[in-house]
Structure formats: structure tokens, C-alpha cells
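*Asks:*
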Amino acid sequence: MHLQKLVINGGKKLNGEIRIQGAKNAALPIMAAAVLCGKAGEKVTLRNCPRISDVYAAMRILTYLGCKASFEDGTAVIIPENVSRPEISDELMREMRSSIFFLGAILGRTGRCRITLPGGCDLGPRPIDMHISALRKMGVTIKEEYGALDCRAEKGLTGAKISLSFPSVGTTENIMMAAALAEGTTVIGNAAREPEVADLAEFLNRCGAKINGAGGGKIVINGVKELHGCDYEIMPDRIACATYLACTASAGGELAVTGCRPWDVESILPVFEQMGCSVYTLDDKIFFSANRPLKAVNPIRTMVYPGFPTDAQAPVMASLCKARGTSVFVENIFESRYKHVAGLTRMGADILVEGKVAVIEGVNRLYGVKTEAPDLRGGAGLVAAALAADGTSEITNIQYIDRGYEEIEKVLSSLGADIKRV
Ligand code: UD1
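Under our numbering, think of the first position of the sequence shown as 804, with each following residue one higher.
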């Protein structure tokens, strides 16, 4: 499976309509949160779950824990009545970074949990110190032994006032999950305001939790005794949306995106407008047209929501490689998030990276090359660039891309791209 690659003949314009997949970064924490819904006989039905490998990994974790879990046609059905094994094997933890969300959920449900340190894309150091200190404040004793964390809250978790030094998405979500069934009230200060945090809160509230303020900087969680199941539709994926817009900007053409939430990508749309693309939004649709040649844009600084998302940095950078003039990125969230630059440069892009800053000098041509996806979003960036390159590109290591994009080659070929998986 790891030997699969994407073969792309560049130079075809994109044209058509796509319906955006469900959000990876909402689906994963919500699947973990399902563990909290332990009321006897209850089930959690999650619709619009993306068919991506990270979701399958989360399903395997749920089964490992003792839950019943099945997935069909984008709907996950989880029966969490039984959580017999409050631990996650090293193998499963390594499969994805998001396995860390299970910590808050399992602890909230059972009062103990044993995990090893999580894997996931290598974006430089991704510590979990904030997760750990927050859980300690809630009465959890955490021992580190042989690369594993042994967490216990013998007397159950207790609400706490927790202020984050940085509004970490995963930490905010973990605290919400741990607090949902805790004794008393938890207040998160400087909470992450990402829409996926609000989606998780909405899901938990539908299950009977009492969470207020998610989506803002202060979240208040009043612990309840138990949570029941519910039927929930995962929000649309704003990063996949940005990625397909970037692919269209890069290749040229016209794209209609349906089933999305334009306000979630409000920091990204003006960047495309500056490039010279036209963007028109109506309800849950974005009508997009790339008018080439594209123009370079003002410096783009990645920030926490509602700023420009770090996850859209690579795809948008790819579309700027052939823009006229000089564009600048400042990556403020992750330390090592320019790994796609090597591949873009091999295609002929002119990019200089110095620490957090990348300077892109627009070139007239990109050339098809053999290259490998360095991580999920970086891989998507290489795909976007390959669509605009002369000749054939071969992208290997696409297991990274499959972590977050539902059949990227089918979506792009439906729009007229010459792309296949071999
Ligand atoms: C989530 C997203 C990821 C996105 C990121 C930033 C999911 C599954 N993943 O990741 O796609 O790129 O938000 O929007 O939702 N940090 C610490 N200590 C901690 C936790 C985080 O120092 O305990 C640092 C990280 O190293 C990083 C920054 O905080 O530099 C942001 O991380 P965080 O917001 O936690 O991202 P994730 O939840 O891992």
C-alpha cells in the first residue's frame, strides 16, 4: 500500500463542481469523544465522516478499547457501552498524532489511561506538555515510564480553572472531553477558537454535556453524570476546501465547491482574490475562478483561527510558485513546516527559506519531477504544483496524503485533471 504513487500530467485546467468532504480535524476528536457516551444501550452515529486513513485508525482504536464500531458510506456507528481496556497500544498510537485526544476521553470515562507518546506527521517538535499539565490540574496523576504515560484519577476527575499559555487546539479539545463528565466546573482560558473545537462542543452538548462558549476564547464546562448517544453530522473540511481552491488557482479553471462553510475559510479567500482569482460565495457554496497569470500576494502569516491556517500554507504556497512577483510566508505555528519546499524547488520553483520565513519568487514554468510527499499538507501542496507543471510528476509516500484527503485523485480527475493512482 505504501508503494502507491500519484502520477500527474500537468497543464490541464480544472473545471466543475465538488462536494467537500467531512472535516478530518473535527471527525477525529469527535470519534474519541464518543467513548464518553457510556449510557447503557446508547449509540453514536456520525455522518459525513471522511473516508481517510486517520479515521480508519480511530476506528481501530475504538475497537481496541472495547467499543463496537463500524463504518460504512461515510457514516460511523459507535456503541461505546463497553470500554474494557483503558489503554492504547504503541502501534495504534504511532499511527496518528490525534490519538492523543483519546487520553482526555478515556480518562473522562474510566478515570485511568495508559498510552505511549503519539506519532503523526513530523512537523518539528510536537510536545504534549500542555495536555499533561491541564489534566494534572483536573486531578490526574501522570507517571512517565518507558516512553509510556500512566494516567490515573482514582477519585475521578475534578473541574479546574485552566489558562493556556498558547491556544492549542488539541489541548482545548482534550480538556473539554476530560471535563464533560468531571465533578464540578472547568473553565478554559485562552482556549483555541478553531471551528473544529466548536464542532466537538456541539457534538458533546447533543449527547447531554453542558459546554458554553466553544468557538470563543473562554469555554465553561459543567460536568454531568453521564452522556447518551446522538446522531451528528461532522462539519465540512475547511482545509480540504482551501486545498481544492489552491489546486484550481494553480492549474487554472473554474471550480464550484458545495457543502462548505465559506465563513470558515474567510482568512484564505482574500489571498486568492489578491492573486487575481474571483471568488463568490452563496450560502454553502463557493464559486471560484482562476484568472491567470496569478499575482504575488502580501505576506501571509499563519496564525491561530481566525487567522490564516498553517494547514493551508503548503497548498497556497504551491499555487504562488508561478505567480508574478514575490510572495512571502511566515509560519508561526509549527517549527518545521516547509518540508514541501524541497519538492517544489525540484519542480523549478524559486523559494528561499530562512527559519519561519519563505520567500517565493514567481517563475514562468514548473516541470514534472519524481518527488515524495513529506507530510499530509505538504503532499497536497506538491499535488497542486504538479497540476501546473509541464510534463509528468510522480509523487510517492502518498500514505501521508491519504491521511486527510478522501480519494484526492478521484476528486481532481472529476474536474478534468490527468491524475491517477498506481
Ligand atoms: C491541530 C490540527 C492540525 C493543525 C493544528 C494547528 C487536529 C487533529 N490537528 O493540531 O491539523 O495544524 O491544530 O491549527 O486537529 N504545543 C505545545 N505543547 C502542547 C501542545 C501543543 O507546545 O502540549 C504547540 C505545538 O507544538 C504547536 C502549537 O502548540 O507548535 C499548536 O499546536 P496545537 O494547536 O495543539 O495543534 P494540534 O492540536 O496538534
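All residues carry an ideal CB built from backbone N, CA and C; glycine is no exception.
1. In the structure shown, what three-state DSSP assignment does residue 799 receive?
2. DSSP three-state call for residue 1027: helix, strand or coil?
3. Using 10 angstroms around the beta-carbon of residue 970, count the other beta-carbons present and answer buried if the total reaches 16, otherwise exposed.
4. Pull the bridge partners of residue 970 from the DSSP assignment, please.
5. Pick out the complete beta strand (DSSP E) segments inside the segment 1124-1207, 3 residues or longer, and give them in chain order.
6. Suppose the cutoff is 6 angstroms on Cβ atoms and the five residues either side in sequence are ignored; what does the same chain contact list for residue 1107 look like?
7. Pull the bridge partners of residue 874 from the DSSP assignment, please.
8. Which ranges would you report for the alpha helix (DSSP H) in the segment 844-872 if only whole runs of at least 4 residues count?
9. Is the Cβ-Cβ distance between residue 1041 and residue 1000 less than 7 angstroms?
10. Buried or exposed, going by whether 16 or more other CB atoms sit within 10 Å of the CB of residue 883?
11. Taking DSSP as the reference, what is the three-state secondary structure of residue 936?
12. Any idea what DSSP makes of residue 1000, helix, strand or coil?
13. Taking residue 1156 as the reference, which of 1083, 1140, 826 has the closest Cα?
14. Within 8 angstroms, do at least three Cβ pairs link the segment 931-942 to the segment 975-990?
15. Look up residue 1064 in the DSSP assignment and say whether it is helix, strand or coil.
16. Taking the beta carbon of residue 1007 as the centre, do at least 16 other beta carbons fall within 10 Å, making it buried, or is it exposed?
17. Is the segment 1112-1123 in contact with the segment 1183-1196, if contact means three or more CB pairs nearer than 8 angstroms?
18. Contact between the segment 806-815 and the segment 980-1000: three or more CB pairs below 8 angstroms?
19. Taking only heavy atoms of the ligand UD1 into account, decide whether any of them is closer than 6 angstroms to the Cβ of residue 1031.
20. Leaving aside the five residues before and after residue 907 along the sequence, list all residues of the same chain whose C-beta is less than 6 angstroms from its C-beta, in chain order.
21. I believe residue 1149 touches residue 1172 by the beta-carbon criterion, under 8 angstroms. Please report the beta-carbon distance rounded to the nearest angstrom.
22. Roughly how many whole angstroms lie between the Cα atoms of residue 1095 and residue 1126?
23. The alpha helix (DSSP H) that contains residue 911, what's its start and end?
24. Following a CB-centred definition, is residue 896 positioned closer than 6 angstroms to any heavy atom of the ligand UD1?
*Replies:* According to the data block:
1. Coverage of the chain is limited to positions 804 through 1225, which leaves residue 799 absent and any answer about it impossible.
2. As a working note, residue 1027 is residue 224 in the sequence shown. Residue 1027 falls in the coil class under three-state DSSP.
3. Walking along the sequence shown from the start, residue 970 turns up at place 167. So residue 970 ends up on the buried side.
4. Residue mapping note: residue 970 aligns to position 167 of the sequence shown, counting from 1. Paired residues: none, contrary to the question.
5. Segments of the beta strand (DSSP E) lying fully in the segment 1124-1207: 1129-1133, 1153-1157, 1160-1164, 1173-1175, 1195-1199.
6. Your numbering for residue 1107 matches position 304 in the sequence shown. Counting only Cβ-Cβ distances below 6 angstroms, and skipping sequence neighbours, we find 970.
7. Reading the sequence shown from its first residue, position 71 is the one you call residue 874. Answer is 879, bridged to residue 874.
8. Entirely contained in the segment 844-872, the alpha helix (DSSP H) runs reaching 4 residues are, in chain order, 856-868.
9. As a first step, residue 1041 must be located in the sequence shown, where it is residue number 238. As a first step, residue 1000 must be located in the sequence shown, where it is residue number 197. In this structure, residue 1000 does not lie closer than 7 angstroms to residue 1041 by Cβ.
10. What you label residue 883 is simply residue 80 of the sequence shown in a count that begins at 1. By the 10 Å Cβ count, residue 883 comes out buried.
11. Sequence index remark: in the sequence shown, residue 936 carries index 133 (1-based). Per DSSP, reduced to three states, the secondary structure at residue 936 is helical.
12. Against the sequence shown, residue 1000 aligns to sequence position 197. DSSP places residue 1000 in helix when its eight states are reduced to three.
13. Position 353 of the sequence shown, counting from 1, holds the residue named residue 1156. Closest in alpha carbon position to residue 1156, among 1083, 1140, 826, is 1140.
14. Under the 8 angstroms Cβ criterion, the segment 975-990 counts as touching the segment 931-942, having at least three qualifying pairs.
15. Here residue 1064 refers to the residue found at position 261 when the sequence shown is read from its first residue. Residue state, collapsed to three classes: coil.
16. Position 204 of the sequence shown, counted from the start, is the residue given in the question as residue 1007. Buried is the call here.
17. Yes, they touch.
18. No, because fewer than three Cβ pairs between the segment 806-815 and the segment 980-1000 fall closer than 8 angstroms, the two stretches do not touch.
19. Looking up residue 1031 in the sequence shown gives position 228. No, since every heavy atom of the ligand UD1 falls outside the 6 angstroms radius drawn around the Cβ of residue 1031.
20. Counted from its first residue, the sequence shown places residue 907 at position 104. Annotation for residue 907: 977, 980, 981 place their beta carbon closer than 6 angstroms to its own, counting only its chain and skipping 5 residues before and after.
21. Counting from 1 along the sequence shown, the entry for residue 1149 is found at position 346. Counting from 1 along the sequence shown, the entry for residue 1172 is found at position 369. Rounded, the Cβ-Cβ distance is 5 angstroms, consistent with contact.
22. As a position in the sequence shown, residue 1095 is number 292, starting the count at 1. As a position in the sequence shown, residue 1126 is number 323, starting the count at 1. Distance between the alpha carbons of residue 1095 and residue 1126 is about 8 angstroms.
23. Residue numbering aside, residue 911 sits at position 108 when the sequence shown is read from its first letter. Taken as a continuous stretch (DSSP letters only), the alpha helix (DSSP H) holding residue 911 covers 904-913.
24. Taking the sequence shown and counting its residues from 1, one reaches residue 896 at position 93. No, the Cβ of residue 896 stays beyond 6 angstroms of every heavy atom of the ligand UD1.
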